[in-house]
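Numbering (my numbering), first residue to last: 833 to 984.
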């Protein structure tokens, strides 16, 4: 289980290697993404709080990267944070997420991205529920819920 110490270590010292890499040109991303998806995933944007399709959805399944399909989060670790964005306590795999220090907007945060295609997902904070204490605060526009991956 990842902790805030692990997250900070990855953000400062480097991330685990992904299982694969997906790289496309800006033009290729423009062809497959809507303007809003491109703004959020490729230009590090954010959706307005409470507006995302996955904010208040708690269906069983697996949340995958919108850009490359990589499994990122399981619905069993999604929780209601009242932050205005879908929130998770752990990624599916340690190497699914890439972490980078973000000093934009006059504050220090940790940005989370898909480790396979570098899509911006959101940020992670150390104010989540136990046992990890993590809150991955993720844009709905960067996720696709695959309900065929329900737990049996």
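In this text, a Cβ means the ideal position worked out from N, Cα and C, and glycines have one as well. Everything numeric in this text was worked out from a predicted model, so none of it was measured.
Can the beta-carbon of residue i be found less than 9 angstroms from the beta-carbon of residue j?
i           : j           : result
residue 920 : residue 942 : no
residue 973 : residue 873 : yes
residue 928 : residue 908 : no
residue 890 : residue 968 : no
Near residue i, what residues of its chain come up, given a Cβ to Cβ distance below 6 angstroms and the 5 sequence neighbours on each side ignored?
i           : result
residue 949 : 854, 899, 900
residue 946 : 897, 902
Could you give the first and the last residue of the continuous beta strand (DSSP E) run that contains residue i?
i           : result
residue 830 : Limits of the chain in this structure are 833 at one end and 984 at the other, which puts residue 830 out of reach.
residue 956 : 952 to 957
residue 903 : 903 to 906
residue 946 : 941 to 946
Can you have a look at residue i and say buried or exposed, based on whether 16 or more other CB atoms are within 10 angstroms of its CB?
i           : result
residue 845 : exposed
residue 952 : buried
residue 910 : buried
residue 987 : Given that the chain is displayed from residue 833 to residue 984, the structure contains no residue 987 and the question cannot be resolved.
residue 930 : buried
Excluding the 5 residues preceding and the 5 following residue i in the sequence, name in chain order all residues of the same chain whose CB lies nearer than 7 angstroms to its CB.
i           : result
residue 841 : none
residue 971 : 872, 878, 879, 884, 917, 953, 954
residue 852 : 948
First and last residue of the alpha helix (DSSP H) that includes residue i?
i           : result
residue 860 : 858 to 864
residue 837 : 836 to 845
residue 868 : 867 to 873
Can you list, in chain order, the residues of its chain whose CB lies under 8 angstroms from that of residue i, leaving out five sequence neighbours each side?
i           : result
residue 923 : 834, 904, 905, 929, 968
residue 848 : 842, 926, 927, 947
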